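Each residue of the sequence shown is one higher than the last, beginning at 1 in full-length UniProt numbering. Down below is the structure, laid out as structure tokens.
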Amino acid sequence: MSPSLIWKTSRRTISLGNRPRIMGILNVTPDSFSDGGKFFEPRDFEHSNLESGSIEPNSEHERLRIDAAVAAGLQMQADGADILDIGGESTRPYSTPVDAATEIARVAPVIKRLAPQLNIPISIDTSKAVVAKAAIEAGAEIINDVTGLEGDPEMTDLAKRTGVGVCVMHMQGNPQTMQDAPTYDNVVEEIRDYLIARRDACLSSGIELEKICLDPGVGFGKTHEHNFELIQGIHRFTDLGCACLIGHSRKGFIRKRLAPLVEASEREFNPMAGTLGVSLAATAAGAHLIRVHDVAETVQAIEMFNACRRTLDRKST
């Protein structure tokens, strides 16, 4: 990992040397594949204030939801997160899209409350420019777009005008179709070529190289075997002159790989253990950023992994 590599947001610079930076996931959706519903009540938005231009909560249930999400975000910072990624629309396989107004109602009040209390940047996980704009106005510094800034024709210009950092991800298809029959001749090289093209498109539009992060999109239009190939090929994504993020947390390929062990033990599946295993593999491969749900456990596991690696390196010299 190059100690000189950085990722710039609209307000600060993130150093990417020494260890992978941790992006903590804060989903405020009812149907996220992992933690959906944790900070959401369907009745929260029955009387939305969006038509009046307000993002203030207008019910006790909504205030409680926002309080819980804010507390979770602050805890992630205390646990060692370097970035907080907030999303208001699930992108799990076969998820149902939501309209922009609903998405804004979910994320903007949380970001507005959190931003002044954090010492780390907030990323907005969205593919809609109008949602990203509202999030940026509320305090977000990064756009994390699963469509690679291609899903909304206004997204690239918004990123350029506001000076935010961008995370550009690869996805074959869309969340409703991506897992139907993902096919590649060479998954690592094809996605590398795509990310190079998206990087160059961002540069041509006026987005600085140091504001670009590339994400090969583990779990987005890939088979389980493709996902393992991407982890094995991380080095092909970290040499492109900008940040590389790996987002594998609690995804289906982990459950499938561990299913025989779980069944043999007759214990309930715990996605954290497998996720930590992939996080350490990504660390060893030189990933610059890792996006996870379980921040404290990931930070501690990586700290111990690197401490052991340093000790082994000293003994081998």
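Backbone N, C-alpha and C fix where the C-beta goes; we use that ideal spot for every residue, glycine too. These numbers were taken from a predicted model, which means no experiment stands behind them.
**Item:** Continuous alpha helix (DSSP H) stretch holding I302: start and end
**Value:** Element bounds for I302: V295 to S316.
**Prompt:** CB-CB under 7 Å to K128, same chain, minus the five flanking residues each way: which ones, in chain order?
**Reply:** Contacts found: A100, E103 and D152.
**Item:** Complete alpha helix (DSSP H) runs within the stretch 169–220 (minimum length 4 residues, chain order)
**Value:** For the stretch 169–220, whole alpha helix (DSSP H) runs of length 4 or above, ordered along the chain, are 187–205.
**Asked** Which residues share a DSSP beta bridge with A243?
**Response** Looking at the DSSP assignment, A243 forms a beta bridge with C213.
**Asked** If you check the beta carbons only, do P20 and L289 fall under 8 Å apart?
**Response** Result yes, Cβ atoms of P20 and L289 sit closer than 8 Å.
**Asked** When you compare only the Cα positions, how much space is there between G163 and A78?
**Response** Near 27 Å, if we compare the C-alpha coordinates of A78 and G163.
**Item:** D31 to E189 span [Cα, whole Å]
**Value:** At D31 the pLDDT is 49, less than 50, meaning the model places this residue with poor confidence and gives no usable figure here.
**Request:** Answer with buried or exposed for C244, where buried requires no fewer than 16 other C-beta atoms within 10 angstroms of its C-beta.
**Result:** Answer is buried; the Cβ neighbour count reaches 16.
**Request:** Inspect the beta-carbon positions of K112 and A72 and report whether they are closer than 8 Å.
**Result:** No, the Cβ-Cβ distance between K112 and A72 is not below 8 Å.
**Request:** Taking I122 and A132 to be in contact with their CB atoms under 8 Å, please state how far apart those CB atoms are, rounded to whole angstroms.
**Result:** Not confirmed; about 12 Å, so no contact.
**Prompt:** Do you know how far the Cα of S249 is from the Cα of T223?
**Reply:** Between T223 and S249, the C-alpha separation is close to 16 Å.
**Request:** Give a yes or no on contact between the stretch 166–176 and the stretch 211–229, applying the rule of three or more CB pairs nearer than 8 Å.
**Result:** Three or more beta-carbon pairs separated by less than 8 Å link the stretch 166–176 to the stretch 211–229, which places the two stretches in contact.
**Item:** Burial state of H293, where buried means 16 or more other Cβ atoms lie within 10 Å
**Value:** Buried, since its Cβ has 16 or more Cβ neighbours within 10 Å.
**Request:** Taking only the alpha-carbon atoms, compute the straight-line gap between A273 and C202 and give it to the nearest angstrom.
**Result:** In a straight line, the C-alpha of A273 is about 36 Å away from that of C202.
**Asked** According to DSSP, is K8 helix, strand or coil?
**Response** Residue state, collapsed to three classes: strand.
**Request:** Check each candidate in N18, I196 and K160 and name the one with the smallest Cα separation from S10.
**Result:** The shortest Cα separation from S10 among N18, I196 and K160 belongs to K160.
**Secondary structure of G88, DSSP reduced to three states** = Under the three-state reduction of DSSP output, G88 falls in the coil class, being neither helix nor strand.
**Prompt:** So the beta strand (DSSP E) T13 belongs to, where does it begin and stop?
**Reply:** For T13, the uninterrupted beta strand (DSSP E) run begins and ends at T13 to S15, by DSSP.
**Request:** Would you kindly check if the distance between the Cβ of I14 and the Cβ of D82 is under 8 Å?
**Result:** The Cβ atoms of D82 and I14 lie closer than 8 Å to each other.
**Asked** How about S278 and I231: do their beta carbons lie closer than 8 Å?
**Response** The question names Ser, but residue 278 is Val in the sequence shown. Contact flag set, yes.
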